[in-house]
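Engineer: In the working numbering, each number is its position in the sequence shown, counted from 1, plus 4.
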Amino acid sequence: MADTTVADGEVQVRIWGARGSVACPGPQTVRYGGNTACVEVRCGSRVLVFDGGTGIRGLGNALAAEEPGEIDVYLTHFHLDHVAGLPFFEAAYRAGNRVRFHAARLNAEIGLRDILCRMMSPPLFPIPIDEFRAEVSFNEFDAGDVLRPKDGSRLETRLLNHPGGACGYRLVVGERVIAYVTDTEHEPGRPDAAVLALMQDADVAIYDATYTDAEFETHRGWGHSTWSEGIRLADAAGVGTLVLFHHDPSHDDAAMDKIALDAATARPGTMVAREGLVLLP
Ligand SMILES: [Zn+2]
Ligand SMILES: [Zn+2]
5 MADTTVADGE VQVRIWGARG SVACPGPQTV RYGGNTACVE VRCGSRVLVF DGGTGIRGLG
65 NALAAEEPGE IDVYLTHFHL DHVAGLPFFE AAYRAGNRVR FHAARLNAEI GLRDILCRMM
125 SPPLFPIPID EFRAEVSFNE FDAGDVLRPK DGSRLETRLL NHPGGACGYR LVVGERVIAY
185 VTDTEHEPGR PDAAVLALMQ DADVAIYDAT YTDAEFETHR GWGHSTWSEG IRLADAAGVG
245 TLVLFHHDPS HDDAAMDKIA LDAATARPGT MVAREGLVLL P
């Protein structure tokens, strides 16, 4: 049985998927991983999950070894790399679990539950959402709201600059602050005020570092940022540990090693997210 317990008052961050855009498993990506966005935050016995990319499948399987419990899943938006793992999230099929899905209202025409229903219906997927055996709820909020997860933590939200919008998070647990800011495009020379607010004095800030500076020039308008902008923002916001995230699927392990080295040279302590990475803020 996996030892995933975290003492009361302790916070643990675990990366289950660090890739952006599309899963890219294979021999060239074994070390950083090929699964898409999913980050678990444990606060004592509470499980908070950020995004449901393909990485959430591994998390669900690990949770199966534990007693049923309460799980909150906070989505940034509905691009497939952030929701494609949800139909394979074992915890939602397990009676006794209570799974709460949360997302910002980014589209006036269709809500969280309907989007997931649409994804989990023929011809896209054979198993409808009614097959979930956990007690499941769907909760919407407006980007900018301050949420109060049940454990007494505080979760601030902000709208990010991304096609169709995305929601960034700032989780405050006791003295600890964790920022989860992915799928956001910066404007060169203009630090993003929403991102700075989310990252301010964060112990750990997970940031969209899809592109290198050179790649960014040819991908303007695609909704993503760079590791060098992440460093500028982290410096400006007084971040403890910057964690680069949402890696482009074209970046194999060798490319990621180079980014890791360049980024850690530019800002010592900067880390590159990889599957299985555990952070103790
Ligand atoms: Zn994405
Ligand atoms: Zn996106």
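For every residue, glycine included, the Cβ atom is placed at its ideal position computed from N, Cα and C.
Using only the heavy atoms of ligand 1, determine whether one of them is closer than 7 Å to the beta carbon of S49.
Structural biologist: No, Cβ of S49 sits at least 7 Å from all heavy atoms of ligand 1.
Engineer: Is it right to say V34 is buried, meaning 16 or more other beta carbons lie within 10 angstroms of its own, or is it exposed?
Structural biologist: Classification of V34: exposed, given that the 10 Å Cβ count is below 16.
Engineer: Flag this pair as yes or no: are the beta carbons of I114 and M124 separated by less than 8 Å?
Structural biologist: Their beta carbons are not under 8 Å apart, which means I114 does not touch M124 by this criterion.
Engineer: Report whether the distance from the Cβ of A170 to the nearest heavy atom of ligand 2 is below 7 Å.
Structural biologist: Within the cutoff, so yes.
Engineer: Using beta-carbon positions only, say whether H251 and T186 come within less than 8 Å of one another.
Structural biologist: No, these two residues do not count as a Cβ contact at 8 Å.
Engineer: Looking at A41 and ligand 1, is the gap between the Cβ and the nearest heavy atom below 7 Å?
Structural biologist: True, at least one ligand heavy atom lies under 7 Å from that Cβ.
Engineer: For A198 and T269, what's the separation of their Cα atoms in angstroms?
Structural biologist: The straight-line gap from Cα to Cα measures roughly 27 Å.
Engineer: Cβ of H81 within 7 Å of any heavy atom in ligand 2?
Structural biologist: The answer is yes for H81.
Engineer: Relative to the C-alpha of P192, which candidate in S229, V87 and C171 has its C-alpha closest?
Structural biologist: Selected option, being the one with the closest Cα: S229.
Engineer: Let me know the alpha helix (DSSP H) ranges lying completely inside the stretch 83–158, each 4 residues or longer, listed in chain order.
Structural biologist: You should have 84–87 and 116–123.
Engineer: Near A88, what residues of its chain come up, given a Cβ to Cβ distance below 7 Å and the 5 sequence neighbours on each side ignored?
Structural biologist: Taken in chain order, the residues that qualify are T40, G57 and T58.
Engineer: State whether the stretch 102–122 contacts the stretch 10–18, with contact taken as three or more CB pairs (one from each stretch) at a distance under 8 Å.
Structural biologist: Output reads no: the stretch 10–18 does not touch the stretch 102–122.
Engineer: Between the C-alpha atoms of G37 and I133, what's the straight-line distance to the nearest angstrom?
Structural biologist: If you take the alpha carbons of G37 and I133, they lie about 28 Å apart.
Engineer: For A240, count neighbouring C-beta atoms within 10 Å of its own C-beta (all shown protein chains included) and say buried if the count is 16 or more, exposed if not.
Structural biologist: So A240 ends up on the exposed side.
Engineer: Can I210 and A277 be called in contact, C-beta distance under 8 Å?
Structural biologist: Yes, Cβ-Cβ distance for I210 and A277 is below 8 Å.
Engineer: I60 and V103 look like a contact to me (Cβ under 8 Å); what is the Cβ gap, rounded to whole Å?
Structural biologist: In fact, because the Cβ distance is near 11 Å, the residues do not count as touching under 8 Å.
Engineer: Going by beta carbon distance, what residues of the same chain come within less than 6 Å of L52, once the five residues before and after it are set aside?
Structural biologist: V45 and D76, listed in sequence order.
Engineer: What does a CB cutoff of less than 6 Å around E160 pick up in its chain, not counting 5 residues either side in sequence?
Structural biologist: The residues are V150 and R174.
Engineer: When DSSP builds the beta bridges, which residues end up paired with F249?
Structural biologist: Beta-bridge pairing links F249 to D212.
Engineer: Between the stretch 137–145 and the stretch 162–169, do three or more beta carbon pairs fall short of 8 Å?
Structural biologist: Because the criterion of three Cβ pairs below 8 Å is not met, the stretch 137–145 and the stretch 162–169 do not touch.
Engineer: Quick one: Cα of E233 to Cα of V181, how far?
Structural biologist: Those two C-alpha atoms are separated by around 20 Å.
Engineer: Can you give the Cα-Cα distance for G48 and D85, rounded to whole angstroms?
Structural biologist: Cα to Cα, the separation comes out at about 28 Å.
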